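Numbering (UniProt numbering), first residue to last: 1 to 171.
Written out as structure tokens, the structure is:
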């Protein structure tokens, strides 16, 4: 980003410059503590970069040099451009967030549908198991009755053989 006092109103801030302005830390000397109750004062000299030619955005600055962009040094046009840029970034980020939320809502709705299908399957399986349990219980009772009946019939057959073998008259 280049700043020149002759063309400050015509400068347009692009996204990279905006990120640089937002992310660039203030210099260590930009805020000086005063002795009264923790208030801070700033001078325009404090906001200049720590190099000899005192120009912002000089390509010869090392990446480690820190400088501050003082809001009062911006013109109305720059402030308007910055505000418009921030508004545009907010709109883009808002739309992206809305899209993500819509995707999450769609995934949530699909998950709810799948859960409903699973619950229905579980209910169906549960009712099948209950029916099978009833059939097993009924067959079990019949078997028990059958076992009792078979045992009684065996005893009668055994008694009949004993009577026949002893020569008794069988009716």
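All residues carry an ideal CB built from backbone N, CA and C; glycine is no exception. Keep in mind the model is a prediction, meaning the values are calculated, not measured.
1) Return helix, strand or coil for residue 168, following the three-state DSSP convention.
2) At the level of alpha carbons, what is the spacing between residue 126 and residue 117?
3) In three-state terms, what does DSSP make of residue 99?
4) Could you tell me the alpha carbon to alpha carbon distance between residue 164 and residue 140, rounded to whole angstroms?
5) Just the C-alpha distance for residue 187 and residue 133, rounded to the nearest angstrom, thanks.
6) So, helix, strand or coil for residue 151, using DSSP?
7) Decide if residue 81 is buried, meaning its Cβ has at least 16 other Cβ atoms within 10 Å, or exposed.
8) Please report the straight-line C-alpha distance between residue 156 and residue 168, rounded to a whole angstrom.
9) Would you call residue 78 buried or exposed, if buried means 16 or more other Cβ atoms sit within 10 Å of its Cβ?
10) Residue 110 to residue 88, Cα distance in whole Å?
Inspection of the coordinates gives the following:
1) Shown here, residue 168 sits in coil according to DSSP, grouped into three states, outside any helix or strand.
2) Straight through space, the alpha carbons of residue 117 and residue 126 are spaced by roughly 14 angstroms.
3) Note: residue 99 maps to helix in three-state DSSP.
4) Inter-residue distance for residue 164 and residue 140 is about 35 angstroms (C-alpha atoms, whole angstroms).
5) Only positions 1 to 171 of the chain appear in this structure, which leaves residue 187 out of reach.
6) The answer is helix: DSSP assigns residue 151 an H, G or I state.
7) Under this definition residue 81 is a buried residue.
8) Each residue's alpha carbon lies about 15 angstroms from the other.
9) Flag for residue 78 reads buried.
10) Taking the straight line joining both Cα atoms gives about 33 angstroms.
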